[in-house]
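Peer 1: Just passing along the structure, written as structure tokens.
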Amino acid sequence: MAYSPYNKAASVPSEGHDTPCRQIRAQTGAEPPHSSRVGDVIRVADPQLGRAERAAVDDVLVSGDLADGEEVRAFEDAFGSFVDAEHAVATANGTAALHATFEALDLPAGATVVTTPFTFVASANAPRFAGLAPRFADVDPETYALDPDAVERVLERDDDVAAILVVHLYGLPADVRRFAELAEAYDVALVEDAAQAHGATVDGRPLGTWSDAVCYSFYPTKNMTTGEGGMVTTDDPALAERLRAFVDHGRAEASYDHATVGHNFRMTNLAAAIGTAQLARLPAYTVARRENAAYLTEALSDAPVETPTEPVGRRHVYHQYTVRSPERDALREHLAARGVEAAVYYPRCVHEQPPYRDARADAPVAERLADEVLSLPVHPQVTEADRETVADAVRSFRGGA
Ligand SMILES: Cc1ncc(COP(=O)(O)O)c(C=O)c1O
Numbered sequence: 000m001a002y003s004p005y006n007k008a009a010s011v012p013s014e015g016h017d018t019p020c021r022q023i024r025a026q027t028g029a030e031p032p033h034s035s036r037v038g039d040v041i042r043v044a045d046p047q048l049g050r051a052e053r054a055a056v057d058d059v060l061v062s063g064d065l066a067d068g069e070e071v072r073a074f075e076d077a078f079g080s081f082v083d084a085e086h087a088v089a090t091a092n093g094t095a096a097l098h099a100t101f102e103a104l105d106l107p108a109g110a111t112v113v114t115t116p117f118t119f120v121a122s123a124n125a126p127r128f129a130g131l132a133p134r135f136a137d138v139d140p141e142t143y144a145l146d147p148d149a150v151e152r153v154l155e156r157d158d159d160v161a162a163i164l165v166v167h168l169y170g171l172p173a174d175v176r177r178f179a180e181l182a183e184a185y186d187v188a189l190v191e192d193a194a195q196a197h198g199a200t201v202d203g204r205p206l207g208t209w210s211d212a213v214c215y216s217f218y219p220t221k222n223m224t225t226g227e228g229g230m231v232t233t234d235d236p237a238l239a240e241r242l243r244a245f246v247d248h249g250r251a252e253a254s255y256d257h258a259t260v261g262h263n264f265r266m267t268n269l270a271a272a273i274g275t276a277q278l279a280r281l282p283a284y285t286v287a288r289r290e291n292a293a294y295l296t297e298a299l300s301d302a303p304v305e306t307p308t309e310p311v312g313r314r315h316v317y318h319q320y321t322v323r324s325p326e327r328d329a330l331r332e333h334l335a336a337r338g339v340e341a342a343v344y345y346p347r348c349v350h351e352q353p354p355y356r357d358a359r360a361d362a363p364v365a366e367r368l369a370d371e372v373l374s375l376p377v378h379p380q381v382t383e384a385d386r387e388t389v390a391d392a393v394r395s396f397r398g399g400a
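Heads up: the sequence shown is residues 0 to 400, going by numbering that gives the first Met the number 0.
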């Protein structure tokens, strides 16, 4: 079966006024009912694993072929065709996907990688593992994604930049078309961290259309999971070959020929089996996330928070639904008292973390966001009643008033 976000009409349930969750269960055979509530709390993340995942894992257990093998190849093929990429290389996790990509790009030792400081720390750790130097440019105050103008200012001034690393934060694609123009003009590589953006598109086209490589994570809270896992997709055959070697001890064709130094960053068949089952659910999950997000944006239009934006042509997959409030911590407590879990991604910019205090950074917008953002439950298990509870709780916040 070809899973594609570009012919979604075929895969999106159309009948009636079912909740997204009911639609997903009907489509995938997932067991009912698994509410997003634990006790009286609506959780901010709730990975769903069902019969399909259990059966797939059981098949692998019965086969006894637990490590890298046929299941991993099948998952790579399915995920590669889902994002319309020529090559897909599975990894042990998303950090390994990023690390392997920066190794495989073969950039000059010590060169600069311009990226966002408003991300999970792994985005910066990966180029550093590969002997490169992350440098942090500011983010756009509307989308919270890396600001192309800020990156351009860095590129104009510094000639030691070898790559731009964009992060599709919360599931909203960064302005990849503009970054691709910059990458071409300044002859630098362009890598996408799509750990939070499975199935996101730009102008109807998949991530990866305008970059060298896209890196995904399948950590349990992501839009789809393999337990731990990651994937790199690329249309560049030489890059894919170097990636395959790096994630498997620098192995050449023969088992004990090692042409280069590599890691063991391989995915297991167990993880891949879960991934293939989850991938079948992803289109419906994305519909559910987007429906929940649309409801919240409408319901919060008069609330004392700033709601997320979705620039024209950039399809948000709402890994997180993140609002902004100058009284973020009080709002979070207010929600907790009403049974709504909310989370802060991220309370501190990467350049404010001890390992990066010496890195070059100019990011006042990102620093302010770290004090003001709050993510609300938006995942596919959030029911219509849950999302009403979430919206009512936010609307009833009066802050310091
Ligand atoms: C933006 C971003 N980049 C990288 C990663 C690293 O992925 P993983 O946890 O699978 O190593 C994550 C997830 O945790 C992430 O959110």
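Glycine residues also receive a C-beta, built at the ideal position from the N, C-alpha and C atoms.
Span of the beta strand (DSSP E) holding A193?
Peer 2: Where A193 is concerned, there is no enclosing beta strand (DSSP E), given that its DSSP letter is neither H nor E.
Peer 1: When DSSP labels each residue in this structure, what does L164 get in the three-state scheme?
Peer 2: strand
Peer 1: Alpha carbon to alpha carbon, what distance is there between Y344 and G118?
Peer 2: First, the residue type needs correcting, since residue 118 is Thr and not Gly in the sequence shown. For T118 and Y344, the distance between alpha carbons rounds to 8 Å.
Peer 1: From E366, E340, A341 and G261, pick the residue whose C-alpha is nearest to that of Q352; which is it?
Peer 2: Ranked by Cα distance from Q352, the options E366, E340, A341 and G261 are led by E366.
Peer 1: Would you check if the distance between the CB atom of A199 and the CB atom of L189 is smaller than 7 Å?
Peer 2: no
Peer 1: Could you check the C-alpha separation between H98 and V165 for me, to the nearest Å?
Peer 2: Each residue's Cα considered, the two are about 14 Å apart.
Peer 1: Just to confirm my understanding: we take S395, look at its own chain, exclude 5 residues before and 5 after, and list those with CB closer than 7 Å. What are they?
Peer 2: none
Peer 1: Pick helix, strand or coil for D235, following the three-state DSSP scheme.
Peer 2: coil
Peer 1: Using the DSSP secondary-structure output, state which residues sit across from R314 in a beta bridge.
Peer 2: T200
Peer 1: Could you please give the first and the last residue of the uninterrupted beta strand (DSSP E) stretch that includes S374?
Peer 2: Per DSSP, the unbroken beta strand (DSSP E) holding S374 starts and ends at V372 to L375.
Peer 1: How long is the line joining the alpha carbons of G63 and A55, rounded to whole angstroms?
Peer 2: 13 Å
Peer 1: Quick one: grab the DSSP three-state call for F175.
Peer 2: This sequence places Val at residue 175; Phe is not what is there. V175: helix per DSSP, three-state reduction.
Peer 1: Based on the DSSP output, what are the partners of H257 in its beta bridges?
Peer 2: R250
Peer 1: With a threshold of 6 Å (Cβ to nearest heavy atom), would T100 be considered close to ligand 1?
Peer 2: No, since every heavy atom of ligand 1 falls outside the 6 Å radius drawn around the Cβ of T100.
Peer 1: Check for me: the alpha helix (DSSP H) holding F74 runs from which residue to which?
Peer 2: E69 to F81
Peer 1: Using the Cα positions of V316 and D174, report the straight-line distance between them to the nearest angstrom.
Peer 2: 15 Å
Peer 1: To the nearest angstrom, report how far apart P147 and D39 are at their CA atoms.
Peer 2: 43 Å
Peer 1: State the CB to CB distance for the pair R402 and E305, rounded to an integer number of angstroms; the pair is presumed to be in contact (CB under 8 Å).
Peer 2: The structure shown has nothing for residue 402, since the chain only spans 0 to 400.
Peer 1: Return yes when the Cβ of A103 is within less than 7 Å of the Cβ of L206, no when it is not.
Peer 2: No; because the gap between Cβ atoms is not below 7 Å, this pair is not in contact.
Peer 1: In chain order, what residues of the same chain have a beta carbon less than 7 Å from the beta carbon of T308, not counting five sequence neighbours either side?
Peer 2: E141 and T142
Peer 1: Suppose only complete runs of 3+ residues qualify. What are the beta strand (DSSP E) ranges in the segment 266-339, listed by chain order?
Peer 2: 320-323
Peer 1: Looking at ligand 1, does it come within less than 6 Å of S122, judged from the CB to the closest heavy atom?
Peer 2: Judged by the Cβ position, S122 qualifies as a neighbour of ligand 1 at the 6 Å threshold, a heavy atom of the ligand being closer than this.
Peer 1: Relative to ligand 1, is the shortest distance from any of its heavy atoms to the C-beta of T115 smaller than 6 Å?
Peer 2: no
Peer 1: Contact between the segment 256-272 and the segment 79-91: three or more CB pairs below 8 Å?
Peer 2: yes
Peer 1: Between the C-alpha atoms of D76 and Q195, what's the straight-line distance to the nearest angstrom?
Peer 2: 20 Å
Peer 1: Could you pull the start and end residues of the beta strand (DSSP E) that R122 belongs to?
Peer 2: Looking at the sequence itself, residue 122 is Ser, so the reference to Arg does not match. S122 -> not in any beta strand (DSSP E); alpha helix (DSSP H) instead, spanning A121 to F128.
Peer 1: At a threshold of 6 Å, does Y218 count as lining ligand 1 (C-beta to nearest heavy atom)?
Peer 2: In this structure, Y218 has its CB closer than 6 Å to one or more heavy atoms of ligand 1.
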